[in-house]
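These protein sequence lines map, in sequence, to chains A and B.
So in this note's numbering, spot 90 of the first sequence is number 90, and the numbers just go up one at a time.
Quick note: to get this note's numbering, add 1000 to the position in the second sequence (first position is 1).
Inspection log for the structure reproduced underneath, given as structure tokens.
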Amino acid sequence: MKLTPEQVDHIATLSRLSLTDEERVRFAEQLSSVLEYVDALAKVDTAGVEPMNHSIALMNVFGADEPAPCDAATRAALLDRFPEREGDLLKVKAVFS
Amino acid sequence: MDLSKATLTEVVAGLNHLDFSSREVVDACLAVAEKNAGTTHAYVQVLAAEARKAADEADTRRRNSLAKSPLDGVPVAVKDNMLMVGSRTTAASAIIANYESPYDATVVRKLRGAGAILLGKTNLDEFAMGSSTETSVHGPTRNPWDLARIPGGSSGGSAVAVAEGSATIALGSDTGGSIRQPAAMCGVVGLKPTYGRVSRYGLMAMASSLDQIGPVARSVEDAAVLLGAIEGRDPMDSTSVELLPGWALPDKWPESLKGVRIGLPKEYFVSGMDPEVESSVRGAVAMLELLGAEVKEVSLPHAEHALAVYYVLMPSEVSANLARFDGIRYGVRKTGDSLEGTYRKSRGEGFGKEVRRRIMLGTYALSSGYYDAYYLQALKVRRLIAEDFNQAFQEVDCIVTPTSPVTAWNIGEKADDPLSMYLADIYTVSVNVAGLPAISVPCGLAKGLPVGLQLIGKHFDEKTILTAAKAYETAAGLRATMQPPATRYEK
């Protein structure tokens, strides 16, 4: 599978990444070589094989449906890490404009 | 005794007998860390003043017989992708380069509670994505055996700290070999526990179905003691499991391996391996036989596909896990002309090349039209790989392989050729794909560089691989050989 720079642009959009012009070309080559390598998987006969999401047979781990409050210090620490804030609110760009 | 090179077991015994103080051990480690900051660069942040204060407190407890645990006063280094209050956690990425840890990872909380001295944070590949510790925003870490070479990765800083003597023990994380491979390349012991044995709460997630935290240490016993201190179910990590009594580690390790059946996968001893690495590993296998183990060939027919499975599943999970780094709630925000522009700019400028390559690979493998061919097919082949191991474990108790097909390569050698870098993970990734425990133990030198022997066990049977590794380590007696040459430090 050889990716074109246009496909790389599409993937970059889906990934919400910006690329430089040089990276656009370079990534097309590098990603293509990895994809060519993993294309070998298509040859493996997997008829009737169930996909394995998890290596340990753990299903539906339930917790008590109770709120677990965050202590004041941790709450303050988390708020302090906002890139931009107004009071205790996280400031973001308008979603609809 | 050179306190910076003492094993955990020796440090604990010395502290118990008041032969030396925690402060002396901590000072010895800090001196090495400081001396090598500009050369090996194991640490990205050293908490010298805090560590000295904590060591003095630990010494007071010891003198009054109030030690919190055997680890009270023991210096430990933590890979910089685990949250530790009082330190930054940067994951070696520009996108969170100034992120102050808001809470402790469960493993850090446990070590703190045990009285261990948290020396600082060790270097890694950006977000643990790499096999060389070169992609760090803080600059590369260098191998103490040869400063022109990589230390392995991604837990390169932790492996170097233990090898050079700037920490007695260290924590790493392993998604495809990131504890075992640098341990092998630096001549120390690295253990990846069974998936679910150790809580990942507070570890910055890379690939959640593969990630596991584990010990880097100077001996097998040290690794076992550290594992004992960090393992166990944690309500904050729903993938962690309650340990059954049969999964507990023994207090004493048997010396003979009589009755232990060890498998050699025929698919692993093929082309691509450095001949000196192979001869070193074959020598170790002969030693295991001498110790009474029954060694037999086993087959893992789907082994050749493990790397391809890994390089589909891992980037897919990476692309999902790293979606949270969008410049909105934490980290660096680069404002664009729209919300999407802000995402793209923050992520484009905040993530390095390898991280972006993996995010894009994963996004592609999960995208409409390609999901079935890549992601779903990889999940199916994953089951075939896991079943191969189950089949082999009907006949043997553990499996032995080289940890890495090659010794440490030169810095920069594979930096721009991702596929050739990925091929170095060939013996380690299948262990994560199947969720098994595995240990790397030093088994000699090839052209003056350390080689690691990997022992892979059944789910939650760390006991067998630790026992076999310990018996081998004692019989091989390589401790003096596995000291990095001190002369290389002189500038």
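C-beta atoms are modelled at their ideal positions from N, C-alpha and C, and glycine is treated no differently.
- Item | Short Cβ contact (9 Å threshold) for Gly1187 of chain B with Ala1217 of chain B | Here residue 1187 of chain B refers to the residue found at position 187 of the second sequence. Here residue 1217 of chain B refers to the residue found at position 217 of the second sequence. Contact flag unset, no.
- Query: Quick one, are the C-beta atoms of Lys944 of chain B and Asp1080 of chain B less than 9 Å apart?
  - Reply: This structure does not reach residue 944 of chain B, given that chain B is present from 1001 up to 1491, and the question cannot be answered.
- Query: So, do the region 9-21 of chain A and the region 1347-1363 of chain B have three or more beta carbon pairs nearer to each other than 8 Å?
  - Reply: yes
- How would you call Ser1132 of chain B, buried or exposed, if buried means at least 16 neighbouring beta carbons within 10 angstroms? Looking up residue 1132 of chain B in the second sequence gives position 132. That one is buried.
- Task: Round the Cβ separation of Val1381 of chain B and Thr46 of chain A to the nearest angstrom and send it over; I've been treating them as touching at under 8 Å.
- Result: By 1-based counting over the second sequence, the position of residue 1381 of chain B is 381. By 1-based counting over the first sequence, the position of residue 46 of chain A is 46. Val1381 of chain B to Thr46 of chain A, Cβ: 6 Å. Contact.
- Could you list which residues in chain B have their beta carbon closer than 7 Å to that of Glu84 of chain A, in chain order? Against the first sequence, residue 84 of chain A aligns to sequence position 84. Near Glu84 of chain A (Cβ distances below 7 Å), the residues of chain B are Arg1333.
- Message: With the cut-off set at 9 Å, would you say Thr1403 of chain B and Ser1440 of chain B are in Cβ contact?
- Response: Walking along the second sequence from the start, residue 1403 of chain B turns up at place 403. Walking along the second sequence from the start, residue 1440 of chain B turns up at place 440. Cβ atoms of Thr1403 of chain B and Ser1440 of chain B: closer than 9 Å.
- Message: Using only CA atoms, which one of A:Leu35, A:Ala77, A:Leu89 lies nearest to Leu1307 of chain B?
- Response: As a working mapping, residue 1307 of chain B is identified with position 307 in the second sequence. Nearest C-alpha to Leu1307 of chain B: A:Leu35.
- Query: Is it buried or exposed for Ser1420 of chain B, if we count other Cβ within 10 angstroms and need 16 for buried?
  - Reply: Translated into positions along the second sequence, residue 1420 of chain B becomes position 420. So Ser1420 of chain B counts as exposed.
- Looking at the unbroken beta strand (DSSP E) that takes in Pro1265 of chain B, where does it start and where does it end? Along the second sequence, one-based indexing puts residue 1265 of chain B at 265. 1261-1265 is the span of the beta strand (DSSP E), which, as asked, contains Pro1265 of chain B.
- Query: If you measure beta-carbon to beta-carbon, which residues of the region 35-61 of chain A are closer than 7 Å to chain B?
  - Reply: Tyr37, Val38, Ala40, Leu41, Ala42, Val44, Thr46, Val49, Glu50, Pro51, Met52, Asn53, His54, Ser55, Ile56, Leu58, Val61
- First through last residue of the alpha helix (DSSP H) which encompasses Val1046 of chain B: What you label residue 1046 of chain B is simply residue 46 of the second sequence in a count that begins at 1. Run containing Val1046 of chain B: none in the alpha helix (DSSP H); it sits in the beta strand (DSSP E), 1043-1046.
- Query: Within the chosen definition, does the region 1204-1224 of chain B reach the region 1153-1164 of chain B through at least 3 CB pairs nearer than 8 Å?
  - Reply: yes
- Closer than 7 Å by C-beta to Ala1055 of chain B: which residues in its own chain qualify, once you throw out the five before and the five after it? Chain order, please. Looking up residue 1055 of chain B in the second sequence gives position 55. Around Ala1055 of chain B: Ser1022, Arg1023, Val1026, Gly1073, Ile1117.
- Span of the alpha helix (DSSP H), counted from its first residue to its last, around Thr1106 of chain B: Translated into the one-based positions of the second sequence, residue 1106 of chain B becomes position 106. Segment 1106-1113, the alpha helix (DSSP H) holding Thr1106 of chain B.
- N- and C-terminal bounds of the beta strand (DSSP E) containing Leu1449 of chain B: Sequence index remark: in the second sequence, residue 1449 of chain B carries index 449 (1-based). Taken as a continuous stretch (DSSP letters only), the beta strand (DSSP E) holding Leu1449 of chain B covers 1449-1457.
- Starting from Gln1483 of chain B and walking both ways along the alpha helix (DSSP H), at which residues does that stretch end? Position 483 of the second sequence, counted from the start, is the residue given in the question as residue 1483 of chain B. Premise fails: Gln1483 of chain B is in no alpha helix (DSSP H) and is neither H nor E.
- Message: Let me make sure I understand the geometry here. Which of B:Lys1447, B:Gly1172, B:Pro1265, B:Gly1352 has the alpha-carbon closest to that of Gln1391 of chain B?
- Response: Position 391 of the second sequence, counted from the first residue, corresponds to residue 1391 of chain B. Of B:Lys1447, B:Gly1172, B:Pro1265, B:Gly1352, the residue nearest in Cα terms is B:Pro1265.
- Looking at the C-beta of Pro1102 of chain B, does it have a partner C-beta in chain A at a distance below 9 Å? Here residue 1102 of chain B corresponds to residue number 102 of the second sequence, with the count starting at 1. Yes - at least one Cβ of chain A is within 9 Å of the one on Pro1102 of chain B.
- Taking any Cβ of chain A, which residues in the region 1347-1360 of chain B have a Cβ under 9 Å from it, in chain order? Arg1347, Gly1348, Glu1349, Phe1351, Lys1353, Arg1356, Arg1357, Ile1359, Met1360
- Are the Cβ atoms of Gly1520 of chain B and Leu1243 of chain B separated by less than 9 Å? Nothing in the structure corresponds to residue 1520 of chain B, since chain B is present only between 1001 and 1491.
- Test item: CB-CB of Phe82 of chain A and Lys91 of chain A under 9 Å: Numbered from its first residue, the first sequence carries residue 82 of chain A at position 82. Numbered from its first residue, the first sequence carries residue 91 of chain A at position 91. Yes. Within cutoff.
- What residues of chain B sit near Leu19 of chain A, judged by a beta carbon separation below 7 Å? To locate residue 19 of chain A, count along the first sequence from 1; it is residue 19. Simply Gly1348.
- Can you tell which of B:Ile1095, B:Leu1066, B:Tyr1195, B:Ala1114 has its C-alpha closest to the C-alpha of Arg1324 of chain B? Here residue 1324 of chain B corresponds to residue number 324 of the second sequence, with the count starting at 1. Closest by alpha carbon: B:Ile1095.
- Does the beta carbon of Ala72 of chain A sit closer than 9 Å to a beta carbon anywhere in chain B? Numbered from its first residue, the first sequence carries residue 72 of chain A at position 72. Ala72 of chain A does not count as touching chain B.
- Shortest alpha-carbon distance to Asp1146 of chain B belongs to which of B:Ala1373, B:Arg1479, B:Arg1347, B:Ala1446? Position 146 of the second sequence, counted from the start, is the residue given in the question as residue 1146 of chain B. Out of B:Ala1373, B:Arg1479, B:Arg1347, B:Ala1446, B:Ala1446 has the C-alpha closest to the C-alpha of Asp1146 of chain B.
- Any C-beta of chain A sitting closer than 9 Å to the C-beta of Lys1345 of chain B? Residue 1345 of chain B sits at position 345 when you count from the first residue of the second sequence. Judged by the 9 Å Cβ criterion, Lys1345 of chain B is in contact with chain A.
- Spell out whether any CB of chain A is found under 9 Å from the CB atom of Glu1340 of chain B. Translated into the one-based positions of the second sequence, residue 1340 of chain B becomes position 340. It does: the Cβ of Glu1340 of chain B has a partner Cβ on chain A nearer than 9 Å.
- With DSSP as the reference, please indicate the residues paired to Leu1118 of chain B in a beta bridge. The residue you call residue 1118 of chain B lines up with position 118 of the second sequence. According to DSSP, Leu1118 of chain B bridges with B:Val1076.
- How many whole angstroms separate the CB atoms of Ala1284 of chain B and Leu1453 of chain B, which I take to be in contact at a CB cut-off of 8 Å? As a first step, residue 1284 of chain B must be located in the second sequence, where it is residue number 284. As a first step, residue 1453 of chain B must be located in the second sequence, where it is residue number 453. Confirmed, about 5 Å.
- Query: Does any residue of chain A bring its CB to less than 9 Å from the CB of Asp1072 of chain B?
  - Reply: Residue 1072 of chain B sits at position 72 when you count from the first residue of the second sequence. With 9 Å as the cut-off, Asp1072 of chain B does not count as an interface residue toward chain A.
- Check each residue of the region 1152-1173 of chain B: if its Cβ is closer than 9 Å to any Cβ of chain A, include it; give the result in chain order. none
- Query: Got a sec? Which residues, its chain only, sit under 8 Å from Tyr1556 of chain B by beta carbon, not counting five neighbours each side?
  - Reply: Shown here, chain B extends from 1001 to 1491; a query on residue 1556 of chain B therefore has no answer.
- So is Thr1363 of chain B in contact with chain A if we call contact Cβ pairs under 9 Å? Taking the first residue of the second sequence as 1, we reach residue 1363 of chain B at position 363. Yes, Thr1363 of chain B counts as interfacial toward chain A.
- Buried/exposed call for Lys1458 of chain B, threshold 16 Cβ in 10 Å: Counting from 1 along the second sequence, the entry for residue 1458 of chain B is found at position 458. So Lys1458 of chain B counts as buried.
- Limits of the beta strand (DSSP E) - the one that Val1298 of chain B falls within: In the second sequence, counting from the first residue as 1, residue 1298 of chain B sits at position 298. Unbroken beta strand (DSSP E) run through Val1298 of chain B: 1294-1298.
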